[in-house]
Structures are given as structure tokens and as C-alpha cells.
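In UniProt numbering, the protein residues as written are 1 to 121.
Yeah, the Cβ is synthetic: ideal placement off N, Cα and C, and Gly gets one too.
A quick note: this is a predicted structure, and the numbers were derived from the prediction, not measured.
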Amino acid sequence: MINKIEGLVAAPFSPMKENGELNVSAIPAYYNFLKKNGVAGAFINGSTGEGVSQTNAERKLQAEVWAEQIKKDDSPMKLINLVGGTSYQECIDLALHSQSIGVDAIAILAPFYFKPGTAKA
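This is the structure in C-alpha cells:
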């Protein structure tokens, strides 16, 4: 367990193809760019990465590719994954998945909701 990350933590965007699919083949180059510039951590699937706009499968895939790249390179870079969303069960699923693939830390936000409009009688 890590208690503190020192240094710059980047919030990478989620690379997408023109057809809207996640472009995970771009992640290794993105990782190398961050590493070359001395970045200490990557905070993925957050608001910059549009994580809550993606399916859980896309969020998991992106986390897997980032984690694999960092492990493959034996890098000291830390990986933080946002697992927040509107469903408690999906948040728990994403958190457990993050643990299983070796993510260093998770971030979570309280499930947000959409307040219904007021009905007039």
C-alpha cells in the first residue's frame, strides 16, 4: 500500500479512435511520454479521461493496459484509477478489478444522481 505519492501526477485523456472506440494502442506511447517527462503517477479514468462516460468494460480495459505497461517497464510510476460512478455495485466491481490488476490506488467519488423535476399538481 502506498501512503503518499510525491511528484507530478498527470491526468491522461482516454485515447479514442474516430469511431468512438477506445484506442488502447496509443497508451504505451502516452505512458512513455509521461515517463520521459518525470511524471510520478497517472490518474486514469477521471474527468480528464472521461471515465464516467465510458462503459465499465472500457474503463477496465484502459486500467489493464496502463497497469500492464507500468509493470512491463518495471517503472516506479504509480497508477491511480477513478472507480466512481452512479452505481454502487459497478463502483465496487471496478475497485475489485483495480486491486486484481495491481493498481496502486483508487479514487472514488460519491455516486451522483439526477434530481427529478418538480411535478405540479
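Suppose the cutoff is 6 Å on Cβ atoms and the five residues either side in sequence are ignored; what does the same chain contact list for residue i look like?
i	result
residue 82	45, 46, 51 and 107
residue 97	60
By the three-class DSSP mapping on this structure, what secondary structure does residue i have?
i	result
residue 112	coil
residue 106	strand
From residue i to residue j, what does the alpha carbon distance come to, in whole angstroms?
i	j	result
residue 58	residue 20	11 Å
residue 80	residue 65	13 Å
residue 36	residue 61	24 Å
residue 72	residue 88	32 Å
residue 110	residue 18	32 Å
residue 91	residue 38	31 Å
Report all residues from its chain with a CB closer than 8 Å to the CB of residue i; omit the five preceding and five following residues, and keep chain order.
i	result
residue 48	11, 12 and 13
residue 93	56
What are the boundary residues of the beta strand (DSSP E) that residue i is part of?
i	result
residue 4	Note, residue 4: premise wrong, no beta strand (DSSP E); not H, not E.
residue 92	Element bounds for residue 92: not the beta strand (DSSP E) but the alpha helix (DSSP H), 88-100.
Closer than 7 Å by C-beta to residue i: which residues in its own chain qualify, once you throw out the five before and the five after it? Chain order, please.
i	result
residue 104	2, 78, 79 and 80
Which full runs of the beta strand (DSSP E) of 3+ residues lie inside the segment 6-74, going along the chain?
Every beta strand (DSSP E) stretch that sits fully inside the segment 6-74 and reaches 3 residues is listed by chain position as 41-44.
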